[in-house]
Structures are given as structure tokens and as C-alpha cells.
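Peer 1: Sharing a structure with you now.
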Amino acid sequence: MPVPLLDLGAQIAPIRREIDAAIARVIDSNQFVLGPEVTSLEQEIADYLGASDAIGVSSGTDALLLAMMALDIGPGDEVILPTFSFFATAGTVVRIGATPVFADIDPVTYNIEPDAIEALVTERTAAIIPVHLFGRGAAMRRIEAIAESHNIPIIEDAAQAIGAVDEEGRGLGTIGQVGCFSFFPTKNLGAFGDAGIVVTSDSDLADRMRLLRVHGAAREYRHDEVGGNFRIDAIQAAVLRVKLPHLESWSEGRRRNAALYREKFFERGLSRDGALYPDNSHPVALPASPDGSDREHIYNQFVLRVERRDELIEHLRSAQIGHSVYYPVPFHHQPCFEPWVPDGLSLPHAERASNEVIALPIFGELTEGAIDEVVSVVEEFFGGGRSEEEAAE
Ligand SMILES: *Cc1c(COP(=O)(O)O)cnc(C)c1O
24 MPVPLLDLGA
34 QIAPIRREID
44 AAIARVIDSN
54 QFVLGPEVTS
64 LEQEIADYLG
74 ASDAIGVSSG
84 TDALLLAMMA
94 LDIGPGDEVI
104 LPTFSFFATA
114 GTVVRIGATP
124 VFADIDPVTY
134 NIEPDAIEAL
144 VTERTAAIIP
154 VHLFGRGAAM
164 RRIEAIAESH
174 NIPIIEDAAQ
184 AIGAVDEEGR
194 GLGTIGQVGC
204 FSFFPTKNLG
214 AFGDAGIVVT
224 SDSDLADRMR
234 LLRVHGAARE
244 YRHDEVGGNF
254 RIDAIQAAVL
264 RVKLPHLESW
274 SEGRRRNAAL
284 YREKFFERGL
294 SRDGALYPDN
304 SHPVALPASP
314 DGSDREHIYN
324 QFVLRVERRD
334 ELIEHLRSAQ
344 IGHSVYYPVP
354 FHHQPCFEPW
364 VPDGLSLPHA
374 ERASNEVIAL
384 PIFGELTEGA
394 IDEVVSVVEE
404 FFGGGRSEEE
414 AAE
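Now the structure itself:
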């Protein structure tokens, strides 16, 4: 039985009529960019997250760019970020003309290691960008303490973490000066195309981001500064407004599926509770579940660690089991970032993760039968693989 990595059709089907009506409403309104749908979405997202302002933008990438522009980050500034994330986290820092400073990750959460940040702070540090990777928060309490002691703003890359909370129950994306979210279709809250949002509780920063979103024009053809076109489409806002009330239950479904995977991998002896790395007797290391509130993880991705990852990929491919590697190459090994990588830089936790991680299907509509199938295909691989290796010894 093939199992896709993500099936957006299954998510959309039950709300299809509402979505069609929302899109029709936009067509009838003749207002396709910004406008009342966008204003309403901004209010609803701000309320949902507990921030005072939200500003809809064209993508998560543009959210990061806009946040850095509004904080006046540019040439000569250094920005500390994890070396293990989606490309945009580092790409936007370079595009704005600043210097990316790559930090290693915590091997348990895959998020930036706070001690690594402390060691990298200089007089030129203009921002820290923690990424809440896979839907789990970075260690915000410790990161905040470092940022505050050096008076450095935090830009949270919460693209994968909408609705998740940190260890103190605070909404991710609302803790730093700015939180950046993506509504790319594969995120927990996905649009029908590219879209994103920035949130802040600093009203001056909010005003500045609103201005920079429309070429720095406070009124038509009067430009106080140079911004860009970072606007969100009304159709995306209308679709997102239909989806937002379902977000909690979709994330709940992802958590339920994570718990089912856990149960099944343990039952079959493929994994054991609390193991950080795979070993010979337990070839699968599962994502650590948070100690505190359930909402500390929304599983935008369900990421395992295995040895012989690339062989497992071949096996999953032939069994038609959806999978993906987030991320196979850390930033400090990307050719385009070479000018900003100190000679001989080694970030071992990220390097190891990039060789071991693999994401399995986790979307909320996944059935228990499909999860069983995925676990069986993984078991088949390691079952066969182990005895072959033993035979060879
Ligand atoms: C998706 C993502 C982005 C970029 O969002 P887009 O909407 O695709 O531009 C940035 N950072 C992280 C961690 C992401 O997962």
C-alpha cells in the first residue's frame, strides 16, 4: 500500500465548500492584493498567537527579509543562526548584505544550541535567528537571556511551528522582537500558494514593516524609504481564514500519529524510549517527545535518525512510502555560503544529523493502517539488513 508523505487533498476535502465560497468572495470583491480579507487574517492570527500585530506577507522567506530590513540589519552586521535549517534562514541574511554566523545544534531537538550562540556573540552581532525546527521550539529561555544580556534582537524563524509553545507555554514566534511564519502549502497552516506573516508586539516595528511591505510608501507615490513588494494575496488570506480554525485539531492529529509511531516502533523492538542515536539493537532513534505540554511539538515533520539512511531511502522508494530528508547539507557545507565559513569550521551535531535524519509521513489524516504499513516497511529493511550483516561477519 503506497503512503504519501503528505496528502493535502484529504485535509481540504471536508472544508472544500467553505474554501470555494471564500475564493468566490474574493473574486466578487475585486480586491486581490491586501484589503479586508488580509486585515481580518492579520487580526485572527495575532489573536490566535497572542501578539499585538501581524502583517501578512508574500512568503516565509520575505517575512525574514522584511524583519531584518525593519531592524536595519545590513552590511557589517553579523546574524547568528543554526547551520541546520531550511535554506531561507541563511539565504535571507546574505541577501540583506549581512554576515551569517553558523552555530551548531542541540542533537535532541535539532535546534540552535544556546551555548554555541554565547560563544559567537561579538560587537557586530545584530540579531539571533533561532529556528523552531520541525515544529518544536528552540531553548527560548536561555536564548532570551543571552540576547538580553548583550542587547541583541531575536528574530524567530517559526515557519514550521505555528501554534506550538515553548517550555514556558509562550507561543512560538511571539517571544522575540519579530516572529516569522510561512504559509507554504506543506506547513501546518498552508495556503494555496506562497504566503507568510510576521508578528510583533512592538508597534513601531509593526508600522515600519507595514510600510516596507509596500515599497516604503505611506501613501501612494510618496516613498519615505525603499522597501519592496512583500504583499500577501487576498485569495491566500481568504483560504487561510477558512483553515485557521482547524489548525489545532490538525496539529492534534499529527501528535496522535507521532504517538502511534512511537508505540509501533517500540512494540517491534526497532527503537527504545529516550535513545538519542540509533544502534545495532535499536536501529531507529525517534524524535524526543517534550517533557512538558503537548503543545511543545506540532510535528511539522516527524524525523527519525537511522544509520544507512540512503539505503533506507531506496527501500522506502521501492515500497512507495513517502519520505524526505530535512536537511541533507548543513549551511556551512553549502557552496554559496563558503565566503562566510571560517576555515576548518566543524559543527559535528549538525553534520551528523544531516547524514542520519529522515522524515516519514505524519499528516493528520494519516490512518493507523498507513502508519502500520510505514513501520512494517522500515522493519523489513532493518530486519533484512541486520541478518545480512550478521551473515557477512
Ligand atoms: C518554509 C520555511 C521558510 C521559508 O518559507 P517560504 O514560505 O517557503 O518562503 C523559512 N524557514 C523555515 C525553517 C522554513 O521551514
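One rule links them: number in the working numbering = place in the sequence shown (from 1) + 23. C-beta: ideal position from N, C-alpha, C; glycine also.
Measuring only the C-alpha atoms, how far is His355 from Ile96?
Peer 2: Roughly 21 angstroms between the two C-alpha positions.
Peer 1: Just to be sure I understand the criterion: a residue counts if its Cβ is closer than 6 angstroms to at least one heavy atom of ligand 1. Which residues meet that?
Peer 2: Spelled out in chain order, the answer is Ser82, Gly83, Thr84, Ser108, Phe109, Ala111, Thr112, Val154, Asp180, Ala182, Gln183, Ser205, Phe207, Asp217, Gly219.
Peer 1: Who are the near neighbours of Trp273 in its chain, counting only those whose CB is closer than 6 angstroms to its CB and skipping five residues on each side?
Peer 2: Cβ neighbours of Trp273 beyond the five flanking positions: Gly387.
Peer 1: Anyone know if the C-beta pair for Thr197 and Val222 falls short of 8 angstroms?
Peer 2: Yes, they are a contact pair.
Peer 1: Would you call the region 211-220 in contact with the region 75-86, where contact means no fewer than 3 C-beta pairs closer than 8 angstroms?
Peer 2: Touching, yes.
Peer 1: Per the DSSP calculation, Ser347 is bridged to which residue(s)?
Peer 2: Beta-bridge pairing links Ser347 to Ala382.
Peer 1: Which first and last residues belong to the alpha helix (DSSP H) in which Ala260 is found?
Peer 2: Where Ala260 is concerned, the enclosing alpha helix (DSSP H) stretches over 257-266.
Peer 1: Assuming Arg278 contacts Tyr322 under a Cβ cut-off of 8 angstroms, what Cβ separation, rounded to an integer in Å, is found between them?
Peer 2: With 8 angstroms as the limit, Arg278 and Tyr322 qualify as a contact, their Cβ atoms being about 6 angstroms apart.
Peer 1: Rounded to whole angstroms, what's the CA-CA distance from Pro105 to Asp395? Just pull it up for me.
Peer 2: Their backbone Cα atoms lie some 34 angstroms apart in a straight line.
Peer 1: By how many angstroms is the C-alpha of His338 removed from the C-alpha of Ser75?
Peer 2: Rounded to the nearest angstrom, the two C-alpha atoms are 48 angstroms apart.
Peer 1: Under three-state DSSP, which class holds Pro371?
Peer 2: Helix.
Peer 1: Suppose you measure from the CA of Ala393 to the CA of Gly297; what does that come to, to the nearest Å?
Peer 2: Their Cα atoms are separated by approximately 25 angstroms.
Peer 1: Is the region 144-163 touching the region 180-189, taking contact as three or more C-beta pairs under 8 angstroms?
Peer 2: In short, these stretches touch, since the Cβ pair count reaches three.
Peer 1: Measure the alpha-carbon distance for Pro362 versus Val117 and round it to whole angstroms.
Peer 2: Going by the C-alpha atoms only, they are around 10 angstroms apart.
Peer 1: How long is the line joining the alpha carbons of Thr122 and Leu368, rounded to whole angstroms?
Peer 2: Roughly 15 angstroms between the two C-alpha positions.
Peer 1: Following the continuous alpha helix (DSSP H) through Pro137, name the residue where it begins and the one where it ends.
Peer 2: It spans 137-143 - the alpha helix (DSSP H) in which Pro137 sits, taken as one unbroken run.
Peer 1: Which residues in the same chain as Glu391 place their Cβ atom closer than 8 angstroms to its Cβ, once the five residues preceding and following it in sequence are excluded?
Peer 2: Closer than 8 angstroms at the Cβ level, and outside the excluded window around Glu391, lie Leu283.
Peer 1: Val262: buried (16+ other C-beta within 10 angstroms of its C-beta) or exposed?
Peer 2: With 16 or more other Cβ atoms within 10 Å, it is buried.
Peer 1: Exposed or buried, what is Asn53 when buried is set at 16 or more other beta-carbons lying within 10 Å of its beta-carbon?
Peer 2: Exposed is the call here.
Peer 1: Give the list of continuous beta strand (DSSP E) stretches no shorter than 3 residues that lie fully inside the region 320-347.
Peer 2: The qualifying runs are 325-329.
Peer 1: State buried or exposed for Glu334, treating a residue as buried only when at least 16 other CB atoms are found within 10 Å of its CB.
Peer 2: Classification for Glu334: exposed.
Peer 1: Using only the alpha-carbon positions, how far apart do Leu72 and Ser316 sit?
Peer 2: Their backbone Cα atoms lie some 16 angstroms apart in a straight line.
Peer 1: What does a CB cutoff of less than 8 angstroms around Val144 pick up in its chain, not counting 5 residues either side in sequence?
Peer 2: Answer for Val144: Ile103, Ile169, His173, Ile175, listed in chain order.
Peer 1: CA-CA distance, Thr115 and Gln34?
Peer 2: In a straight line, the C-alpha of Thr115 is about 31 angstroms away from that of Gln34.
Peer 1: Tell me Leu427's beta-bridge partners as DSSP assigns them.
Peer 2: Look at the range of the chain in this structure, 24 to 416, and you will see that residue 427 is not part of it.
Peer 1: Output the distance between the C-alpha atoms of His155 and Leu370, rounded to the nearest integer angstrom.
Peer 2: About 19 angstroms.
Peer 1: Following the continuous beta strand (DSSP E) through Asp76, name the residue where it begins and the one where it ends.
Peer 2: 76-80 is the span of the beta strand (DSSP E), which, as asked, contains Asp76.
Peer 1: So what does DSSP say about Gly276, is it helix, strand or coil?
Peer 2: Correct three-state label for Gly276: helix.
Peer 1: In or out: Phe55 buried (at least 16 other Cβ within 10 Å) or exposed?
Peer 2: The residue in question, Phe55, is exposed, as its Cβ has fewer than 16 Cβ neighbours within 10 Å.
Peer 1: Does the distance from the C-beta atom of Glu208 to that of Leu28 stay below 8 angstroms?
Peer 2: In the sequence as presented, Glu is not what sits at residue 208; that position holds Pro. For Pro208 and Leu28, no; Cβs fall outside 8 angstroms.
Peer 1: Kindly indicate which three-state DSSP category Ser63 falls into: helix, strand or coil?
Peer 2: Three-state result, Ser63: helix.
Peer 1: Could you say which of Met24, Ile258, Val26 lies nearest to Ile46 if we only look at CA atoms?
Peer 2: Per the Cα distances, Ile258.
Peer 1: Identify whether Phe206 lies in helix, strand or coil by the three-state DSSP scheme.
Peer 2: Coil at Phe206, not helix or strand.
Peer 1: The alpha helix (DSSP H) spanning Val117 covers which residue range?
Peer 2: It spans 111-118 - the alpha helix (DSSP H) in which Val117 sits, taken as one unbroken run.
Peer 1: Taking DSSP as the reference, what is the three-state secondary structure of Glu240?
Peer 2: The residue asked about is misnamed: residue 240 is Ala in this sequence, not Glu. It is a strand residue.
Peer 1: Under three-state DSSP, which class holds Ile166?
Peer 2: Correct three-state label for Ile166: helix.
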